[in-house]
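Chain order of the listed sequences is A and B. If you're matching positions, the first sequence starts at 1 in the numbering used here and goes up one per residue. If you're matching positions, the second sequence starts at 1001 in the numbering used here and goes up one per residue. Presented below is the structure to which this report refers.
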Amino acid sequence: MPVFPSDPYGFLTQWFNNLLLHQGLPETTVRLISFAVGSLILVLGSLLFCLLLIWAERKIGGRVQDRLGPNRVGPYGIVQAVADMMKIFTKEFVTPAGVDKVVYNLAPVLSVAAVIMIWAVIPFTITFFGTDLNVGVLYIVAVGGLAEMGIVMAGWGSNNKFALLGAFRAVAQLISYEVPMVVALLLPVMLSGSMKLSEIVRSQDVWYIITAPVAAAIFFITSLAENGRAPFDLMEAESEIVAGFNVEYSGLKFGFFFVGDFLHAFTIALLFSVLFLGGWRGPAADQIPILGFFYLGIKTAIVYFFGLLVRFSLPRFRIDQMMNLNWKMLTPLSLGILIATALVDKGSANLLSSMAPTARLIVRSIILVLANVLVVWSFSDIFDVALGKRPRPVVALEPRPVARPEQPPTPTEGGTP
Amino acid sequence: MLNDWLYIGIFMVLSLFLPAAALVIAGILGPKKPSPIKNSTYECGIETVGDTWVQFKAQYYVYALVFLIFDVETIFLYPWALAYNQMTFFMIMEAVIFILILLGGLIYAIRKGVLEWQ
């Protein structure tokens, strides 16, 4: 039985369910209502939380770039985002002639919804989660693909060549970076033996950023690319294709692309801390669930801050650099790390089974870290060649003999005696 | 199990409905003064020429093909990763060979110059 101060969410859920049951409602109806209320809280909460995110991002961005950021509306400019939202609500929708109405209007909705849908499976504490889906990781991958759909629909439906160019770039970038991301997500699944996010959190006696650091790095980089912001913002490169896929949008429709963008940046930080930083785990989080919420918040804030630092300090990649980074570095590296972890972990299982539990954990993490280092070290040579820093080693120096001479001898007049 | 998907269904409907509702409200609140100039396609002040949906680079198609191969591959690997803890070393080797074959395909594509952006 959850008690209020240590587990407010569990307590309120139970109180609400009991309240409905005592009204004499059938159990199915009660479940439907409580699901609807629970998801409404999460969806509305994430949308409203976005206001705070916009302020945080502008403030941190300002500080990184030696500016002040918003500082007029409210203390530290904290109400700036609210004022902006009120303004954007009263703006006109300029719908250009010749757009595909359905696709054009659905695109901003989809790009927000795709991000919010991820929140349905994130375990915030032991008791505070939307639902504990048994294919949680797969669900995240599938729903993440919807955000790409939103961008492509925006570019295709806008009846504008710049928007279409942006959409093409977005397709190329987002689908490319999805490959190493999905492979990197395999490692937590493999190490925990479950696709349930709560199960993944629970199995992290040692954080997966220690046992699978390369996968964590790959996941971080690729999710930045999936987010489509600063170093990877080729799809909305202002200086090249005016604004890319969202050039024909105005008012709140334009705003929704940015709501989705800001929320996505936070969501990937959340996912990173759930998958690699132990989620809500921490001292006494098992007994007092509300503590887990704060642990997760702190971890997420740190990852989010790093994402912002990357965004505000790195210049944009060229498209060929971006493609090289993905196909020639991250994809082979992610597959290599998958093979190495699978082999090393299974190979050392016999050796570890005779040890005490604590010693086993420590030795196992050390072995896995060493395997990671070894893989990166052995790949560094390949990267140099792939990125053109060193010429590819020439295998055959000597010209090979050819079966047919290049110039056949001209037949002499009259023939030889 | 079914309850989970019921929740996901409700959640999806809500997360689509709330932004859509916000758009409708904003549409009612905002002014509506369309004019032919305002509604023309934005192209840096120049009149647009020809159809928008022009031919595009064939290279995007190649990337999509390579993506498709690797995405299907990783989906195959998810069940394997789930069952990893119950597997023997021999079973792991089979999956490793499967990954190595696909890595070979990737190396072939790189050496062939297909993944070179032009």
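Quick reminder that beta carbons are idealized off the backbone N, C-alpha and C, glycines included.
{"Query": "Can you check which of these residues, A/Ile337, A/Asn71, A/Gly130, is closest to B/Ile1099 by C-alpha distance?", "Result": "A/Ile337"}
{"Query": "Determine, using beta carbons only, whether A/Val152 and A/Ile118 come nearer to each other than 9 Å.", "Result": "no"}
{"Query": "From this set, B/Ala1026, B/Val1066, B/Phe1076, which residue's C-alpha is nearest A/Met86's C-alpha?", "Result": "B/Ala1026"}
{"Query": "Quick one: residues in its chain with C-beta nearer than 6 Å to the C-beta of A/Val64, no 5 flanking neighbours on either side, listed in chain order?", "Result": "Phe312"}
{"Query": "Spell out the partners DSSP gives A/Pro123 in its beta bridges.", "Result": "A/Phe129"}
{"Query": "Quick check on A/Ala172: buried or exposed, where buried means 16 or more other Cβ atoms within 10 Å of its Cβ?", "Result": "buried"}
{"Query": "Where does the unbroken alpha helix (DSSP H) through A/Leu271 begin, and where does it stop?", "Result": "251-276"}
{"Query": "Between the alpha carbons of B/Pro948 and A/Gly69, how many angstroms are there, rounded?", "Result": "As displayed, chain B neither begins before 1001 nor continues past 1118, which places residue 948 of chain B out of reach and without an answer."}
{"Query": "Taking Cβ to Cβ, would you say A/Pro332 is nearer than 9 Å to B/Leu1068?", "Result": "no"}
{"Query": "Can you give me, in chain order, the residues of the stretch 1056-1074 of chain B that have a beta carbon less than 7 Å from any beta carbon in chain D?", "Result": "Looking for chain D here will not work: the only protein chains present are A and B."}
{"Query": "For A/Thr125 and A/Gly292, which I take to be in contact (beta-carbon distance under 8 Å), what is that distance rounded to the nearest angstrom?", "Result": "4 Å"}
{"Query": "Below 7 Å on C-beta distance, what does A/Arg316 contact in chain B?", "Result": "Ordered by position in chain B, no residue passes the 7 Å Cβ test against A/Arg316, which lies about 15 Å from the chain."}
{"Query": "Taking a Cβ distance cut-off of 9 Å, strictly less, list which residues of the stretch 82-93 of chain A are near chain B, in chain order.", "Result": "Ile88, Phe89, Thr90, Lys91, Glu92, Phe93"}
{"Query": "So, does the CB of B/Tyr1112 fall closer than 9 Å to a CB anywhere in chain A?", "Result": "Inspection of the sequence shows that residue 1112 of chain B is occupied by Lys rather than by Tyr. No, its Cβ sits nowhere closer than 9 Å to a Cβ of chain A."}
{"Query": "Smallest Cα separation from B/Trp1005: which of A/Pro5, A/Leu40, A/Asn71, A/Tyr139?", "Result": "A/Tyr139"}
{"Query": "At a cut of 8 Å, does the stretch 317-335 of chain A reach the stretch 245-254 of chain A through at least three beta carbon pairs?", "Result": "no"}
{"Query": "Please report whether the beta-carbon of A/Pro96 lies at a distance below 9 Å from any beta-carbon of chain B.", "Result": "yes"}
{"Query": "Mapping the DSSP letters down to three states, classify A/Pro417 as helix, strand or coil.", "Result": "Below a pLDDT of 50, predicted positions are generally treated as unreliable, and A/Pro417, at 49, falls in that range; no measurement from the model is reported."}
{"Query": "Residues in the stretch 1020-1045 of chain B with C-beta within 9 Å of chain A's C-beta atoms, listed in sequence order?", "Result": "Ala1020, Ala1022, Leu1023, Ile1025, Ala1026, Gly1027, Leu1029, Gly1030, Pro1031, Lys1032, Lys1033, Pro1034, Pro1036, Lys1038, Asn1039, Ser1040, Thr1041, Tyr1042, Glu1043, Cys1044"}
{"Query": "Taking just the CA atoms, how far does A/Ser158 sit from A/Ala167?", "Result": "10 Å"}
{"Query": "Taking A/Pro75 as the reference, give the member of A/Lys59, A/Arg31, A/Asp66 with the closest Cα.", "Result": "A/Lys59"}
{"Query": "When we look at the beta-carbon of A/Asp320 and count the other beta-carbons within 10 Å, is it buried (16 or more) or exposed?", "Result": "exposed"}
{"Query": "Where does A/Ser176 fall in DSSP's three states?", "Result": "helix"}
{"Query": "Enumerate in chain order the residues of its own chain whose CB-to-CB distance from A/Asn105 is below 8 Å, with the five nearest sequence positions on each side excluded.", "Result": "Lys253"}
{"Query": "With 9 Å as the threshold, decide whether the Cβ of B/Tyr1078 is near any Cβ in chain A.", "Result": "yes"}
{"Query": "Given a threshold of 16 other Cβ atoms within 10 Å of its Cβ, counted over all protein chains shown, does A/Ser334 qualify as buried or as exposed?", "Result": "buried"}
{"Query": "Using the C-alpha atoms, what's the distance from A/Pro357 back to B/Phe1017?", "Result": "49 Å"}
{"Query": "For A/Ile221 versus A/Leu343, is the C-beta spacing smaller than 9 Å?", "Result": "no"}
{"Query": "Note the first and the last residue of the continuous alpha helix (DSSP H) segment covering A/Tyr304.", "Result": "289-313"}
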